[in-house]
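A short worksheet on the structure shown next.
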C-alpha cells in the first residue's frame with residue numbers, strides 16, 4: 001500500500017502534518033541516541049509544557065514511531081525510545097532541522113526585506 | 001549565524017513548524033519542476049482552499065523560499081517559482097513526503113493496534 005499526499009482523501013496528507021510538527025521532530029531527535037525518560041525529555045526540549053509533551057509522545061506512540069516502557073520502580077519510571085519504523089524517518093528529520101538551523105539567517109533576512117519599506121526597492 | 005532548534009528563544013523552532021506544514025510542503029513540491037500559476041497550483045493541490053493557498057504562498061514568499069511574478073496580461077497572470085534558497089530544502093521535503101507515502105500502511109496498522117481492544121494484547 002502506497003499513499004498519495006496529493007490525494008485529499010489519503011491519510012498521508014494528515015501524516016505529513018504530524019511528522020512535520022516541531023514538537024514531534026524535537027522529541028524524536030532527542031530520542032535519536034537512545035531511550036530517554038519523560039522528565040529528561042521535558043528538560044532537553046526546553047519550553048515545551050508537560051501537557052504538550054504528553055500529547056506529542058502519545059501521538060508518536062500511536063503512530064508506532066516511539067515505544068513507551070514503564071519500569072515498576074517507586075515512583076514508576078517511564079522511558080521512551082524510537083521504534084524500527086522511525087529509523088528511516090529520523091535521519092530526514094535531522095537533516096530538515098539542520099537545514100533550518102543553517103538557513104535561519106537567510107530566512108530572517110528575506111522576511112526583513114519583505115516587511116521593509118517598499119520605497120527602498122525603488123532606489 | 002546558525003540557529004538552535006532546541007533553544008526556545010531561537011526562531012529556528014518556529015521555522016521548523018513553517019516548513020513542516022503540509023500545505024507548504026505540497027505547494028513547494030508542486031513548484032519543484034518549474035514555475036506554476038496560482039490556479040494550476042490550486043488545481044494540483046486538490047482540497048486546498050483559495051484562502052489557504054494564498055496564505056501559504058505569501059508565507060513562503062516572505063520566507064524567501066518562493067518568488068511571485070505578475071505578468072501584465074488581462075486578466076493579470078501570477079506565477080510562482082522556487083528560489084535558490086529553496087533548492088536545498090525541496091529534496092528533503094520530497095524525501096519526507098515519499099517516506100510518509102511508503103509507510104502510511106504501517107502507520108495505519110500501528111494506530112489500529114493502539115486503538116484496538118486491549119485484551120487482545122493479553123492473548
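Residue numbers (my numbering), protein chains in the order written: chain A, 1 to 123; chain B, 1 to 123.
Glycine is no exception: its CB is placed at the ideal position from the N, C-alpha and C atoms.
Nearest to residue 46/A by alpha-carbon distance, out of 80/B, 8/B, 88/B, is 8/B.
Rounded to whole angstroms, the Cβ separation of residue 81/A and residue 65/A is 10 Å, and the two are not in contact under 8 Å. For secondary structure counted as the alpha helix (DSSP H) over 4 or more consecutive residues, the segment 68 to 116 of chain B holds these complete runs in sequence order: 87 to 115.
By the CB criterion at 8 Å, residue 29/B and residue 77/B fall outside the cutoff. Residue 66/A has 82/A as its beta-bridge partners, per DSSP.
Rounded to the nearest whole angstrom, the CA to CA distance from residue 25/A to residue 34/B is 29 Å. For residue 27/A, the enclosing alpha helix (DSSP H) covers residues 22 to 30. Counting only Cβ-Cβ distances below 8 Å, residue 25/B has contacts in chain A at 5, 16, 20, in chain order. At the C-beta level, residue 57/A and residue 100/B stay beyond 8 Å of one another.
Contact between residue 41/B and residue 27/B is confirmed by a C-beta separation of about 6 Å, below the 8 Å threshold.
Per the coordinates, the alpha-carbon of residue 44/B lies some 12 Å from the alpha-carbon of residue 23/B.
The C-beta distance from residue 18/A to residue 59/A rounds to 7 Å, short enough to fall under 8 Å. Any Cβ of chain A closer than 8 Å to the Cβ of residue 81/B would place that residue at the interface, and such an atom is absent.
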